[in-house]
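Data first, discussion second: the structure below is written as structure tokens.
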Amino acid sequence: MLEISRLDAYYGRSRALNGLTFVVPEGSFFCVMGRNGVGKTTLMRALMGHMDRCEGSVRLAGADLLSLPRHLRPRAGLGYVPQGRGILADLTVRENLILGALCGTGRSAIDDRVLDLFPILRAFLDRRGGDLSGGQQQQLAIARALLARPKVLLLDEPTEGIQPNIVEQIEDVLLALNRSGMTILIVEQNVGFARRAAQRFALLERGAVAAEGPIAALTDDLVHRHMAV
Ligand SMILES: Nc1ncnc2c1ncn2[C@@H]1O[C@H](COP(=O)(O)OP(=O)(O)OP(=O)(O)O)[C@@H](O)[C@H]1O
Ligand SMILES: [Mg+2]
């Protein structure tokens, strides 16, 4: 399980997370929600070690993550699909995938099972990442994160700006990964998706948890109070 406790995170001297606390049970599908600017991406960046400074504690299966430098977080078991996808446009699909594998495992092999999840990537291995469509880049970002062999997969709005049939495909892959035991921590603004897929949720306000619990407790009232709908 991933335990986030009294987590503060700073951009320079400005604090963007304020004592954020929740637990992601092992093997669960956990959805983080909230309006623009409440700190969802900052939370992901803090978990990955991309912030200027953090205080508090983050533990994965009991092991402290906050003291680990950023380049060791993938090896500690975190896979990251950033908001906006973060594909290296001038590298090929293959090279983007190899980077993911290297970061997480120190080895460059591309696991065939990951390509089986996204057959389009196998067909486009030698294309420039920048020449893929938005939906294809999102699939590449997920595949790249999976090649690091994560225990916990972090995804930041993976369905943002993507056409519905690819959204469905991405949802199916995430659900299948979760069924096979992977813990998923996802930032997702689509309430329908959250209710279908997640077991637990947290709603953020101003860098802290405003509401948290089993997905059945995500009432319409909470959605209206804490989301832009
Ligand atoms: N690089 C940065 N430097 C300084 N402040 C930042 C930086 N990035 C984000 N912030 C601030 O931190 C707060 C949280 O931003 P964050 O990107 O985490 O929000 P978010 O919940 O992911 O929003 P969105 O739904 O728009 O993606 C905001 O007030 C934002 O202005
Ligand atoms: Mg964001």
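Just so we're aligned, residue 26 is where the sequence shown starts under our numbering, counting upward by one. Built from N, CA and C at the ideal position, the CB exists for glycine as well.
Rounded C-alpha distance that separates His251 from Arg132: Here the question's residue 251 lines up with position 226 in the sequence shown. Here the question's residue 132 lines up with position 107 in the sequence shown. Rounded to whole angstroms, His251 to Arg132 spans 43 Å at the Cα level.
Same chain only: Cβ atoms within 6 Å of Glu237, ignoring 5 sequence neighbours per side: Your numbering for residue 237 matches position 212 in the sequence shown. Contacts found: Phe47 and Ala227.
Supposed contact pair Ala222 and Glu196 - C-beta distance, whole angstroms, cut 8 Å: Mapped onto the sequence shown, residue 196 falls at position 171. Mapped onto the sequence shown, residue 222 falls at position 197. Between Ala222 and Glu196 the Cβ distance is about 7 Å, and since that is below 8 Å, they are a contact.
Within 8 Å, strictly: CB atoms of Leu267 and Ala235: Summary: the structure shown does not reach residue 267, with the chain confined to residues 26 through 254, and so no result is reported for it.
Val49 and Leu27 closer than 8 Å at C-beta: Residue numbering aside, residue 49 sits at position 24 when the sequence shown is read from its first letter. Residue numbering aside, residue 27 sits at position 2 when the sequence shown is read from its first letter. Going by C-beta atoms, Val49 is nearer than 8 Å to Leu27.
Three-state secondary structure assigned by DSSP to Met252: For this step, residue 252 is matched to residue 227 along the sequence shown. The answer is coil: DSSP assigns Met252 none of H, G, I, E or B.
The segment 91 to 103 touching the segment 176 to 194, judged by at least three CB pairs closer than 8 Å: yes
Opening and closing residue of the beta strand (DSSP E) in which Leu97 lies: The residue you call residue 97 lines up with position 72 of the sequence shown. It is not in any beta strand (DSSP E) - Leu97 carries neither H nor E in the DSSP assignment.
Ser158 versus Pro144 - alpha carbon distance: The residue labelled residue 158 in the question sits at position 133 within the sequence shown. The residue labelled residue 144 in the question sits at position 119 within the sequence shown. Going from the Cα of Ser158 to the Cα of Pro144 covers about 15 Å.
Boundaries of the beta strand (DSSP E) in which Pro239 is found, first to last residue: Residue 239 sits at position 214 when you count from the first residue of the sequence shown. Element bounds for Pro239: Ala233 to Pro239.
Any non-hydrogen atom of ligand 1 within 7 Å of Tyr105 CB: One-based indexing of the sequence shown puts residue 105 at position 80. For ligand 1, not one heavy atom lies less than 7 Å from the Cβ of Tyr105.
CB of Val198 within 8 Å of CB of Gly154, strictly: As a position in the sequence shown, residue 198 is number 173, starting the count at 1. As a position in the sequence shown, residue 154 is number 129, starting the count at 1. For Val198 and Gly154, no; Cβs fall outside 8 Å.
For Arg38 and Ile209, the rounded distance between their alpha carbons: Position 184 of the sequence shown, counted from the first residue, corresponds to residue 209. Position 13 of the sequence shown, counted from the first residue, corresponds to residue 38. About 31 Å.
Selection from Asp181, Ala170, Gly81 and Gly52 that minimises the alpha carbon distance to Leu42: Within the sequence shown, numbered from 1, the residue matching residue 42 stands at position 17. Of the candidates Asp181, Ala170, Gly81 and Gly52, the one whose C-alpha sits nearest the C-alpha of Leu42 is Gly81.
Continuous alpha helix (DSSP H) assignments of at least 4 residues falling wholly in the segment 51 to 128: 65 to 73
Closer than 7 Å: Ala166 CB and nearest ligand 1 heavy atom: Counting from one through the sequence shown, the residue named residue 166 turns up at place 141. Not so, every heavy atom of ligand 1 lies at least 7 Å from the Cβ.
Near ligand 2: Lys176 beta-carbon under 7 Å from a heavy atom: For the purposes of this step, residue 176 is taken as residue 151 along the sequence shown, with counting starting at 1. No, the Cβ of Lys176 stays beyond 7 Å of every heavy atom of ligand 2.
Buried or exposed by the 16-neighbour rule on C-beta atoms within 10 Å, applied to Ser53: Sequence index remark: in the sequence shown, residue 53 carries index 28 (1-based). Classification of Ser53: buried, given that the 10 Å Cβ count is 16 or more.
Inter-residue Cα distance where the pair is Leu113 and Cys128: Counting from 1 along the sequence shown, the entry for residue 113 is found at position 88. Counting from 1 along the sequence shown, the entry for residue 128 is found at position 103. About 14 Å.
Close beta carbons around Leu91, own chain, < 7 Å, minus the five adjacent residues each side: The residue labelled residue 91 in the question sits at position 66 within the sequence shown. Hits under 7 Å: Cys79, Ser82 and Val83.
Pair within 8 Å by beta-carbon distance, Met69 and Asp141: The residue given as residue 69 occupies position 44 in the sequence shown. The residue given as residue 141 occupies position 116 in the sequence shown. Not closer than 8 Å, so no.
Cβ-Cβ separation, Gly160 to Ile135 (assumed contact under 8 Å), whole Å: The residue labelled residue 135 in the question sits at position 110 within the sequence shown. The residue labelled residue 160 in the question sits at position 135 within the sequence shown. Not quite, the Cβ-Cβ distance comes to about 20 Å (not below 8 Å), so this is no contact.
Val61, buried or exposed, once every other Cβ within 10 Å from all chains shown has been counted against 16: Your numbering for residue 61 matches position 36 in the sequence shown. Correcting the residue type first, residue 61 is Asn in the shown sequence and not Val. Result: exposed.
Whether Ala34 touches Thr67 by CB criterion (8 Å): For this step, residue 34 is matched to residue 9 along the sequence shown. For this step, residue 67 is matched to residue 42 along the sequence shown. Yes, they are a contact pair.
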